[in-house]
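Novice:
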Amino acid sequence: MANTKSAKKKIKVIRRRTIENKIQKFKMKKAIKEVKKALLAGDIEKAKELYSKAAKLIDQTAAKGVIHKNNASRKKSRLMKLINKYAALSTPQPEKKAQ
Numbered sequence: 227m228a229n230t231k232s233a234k235k236k237i238k239v240i241r242r243r244t245i246e247n248k249i250q251k252f253k254m255k256k257a258i259k260e261v262k263k264a265l266l267a268g269d270i271e272k273a274k275e276l277y278s279k280a281a282k283l284i285d286q287t288a289a290k291g292v293i294h295k296n297n298a299s300r301k302k303s304r305l306m307k308l309i310n311k312y313a314a315l316s317t318p319q320p321e322k323k324a325q
């Protein structure tokens, strides 16, 4: 238990920041899940639209120091790779002629 006045205040500040960080992380994770949900539903255009919102939230989370900037970059990269993968699966590929 904290003894000094400044230590007691520091505990309050840490608790408040922890709650704010959890809220920010929750928003980010929810945005990522919405993109994945749209992909599973087969709506590529909606997923791309939701990706821009998710990327913004990921960047904000990194800017606030909740996650590392490299972690944010990795999350965005993996999400975009997933979108591109589903987009490639949904578009018909031209058939190659046998020689």
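In my numbering, the protein residues as written are 227 to 325.
C-beta: ideal position from N, C-alpha, C; glycine also.
As the structure is a computational prediction, the values presented were derived from the model and not from experiment.
1) Roughly how far, in whole angstroms, is the beta-carbon of Y277 from the beta-carbon of V261, given that I think they are within contact range, below 8 Å?
2) Please report how far the alpha carbon of K238 lies from the alpha carbon of L308, in whole angstroms.
3) Could you pull out every unbroken alpha helix (DSSP H) segment of at least 4 residues lying fully inside the segment 245-308, listed in chain order?
4) Does M254 pass the burial test, meaning 16 or more other C-beta atoms within 10 Å, or should it be called exposed?
5) Under 8 Å, with one C-beta from each stretch per pair, do the segment 298-315 and the segment 277-286 reach the 3-pair mark?
6) For T317 and K251, I'd like the C-alpha separation in whole angstroms.
Specialist: Well, looking at it:
1) About 5 Å; that satisfies the 8 Å criterion.
2) When the Cα atoms are used, K238 and L308 turn out to be separated by approximately 41 Å.
3) 270-289, all fully within the segment 245-308.
4) Burial check for M254: the Cβ neighbour count within 10 Å reaches 16 or more, so the residue is buried.
5) Here the segment 298-315 makes contact with the segment 277-286; the two share three or more CB pairs at distances below 8 Å.
6) Taking the CA atoms as reference points, T317 sits about 34 Å from K251.
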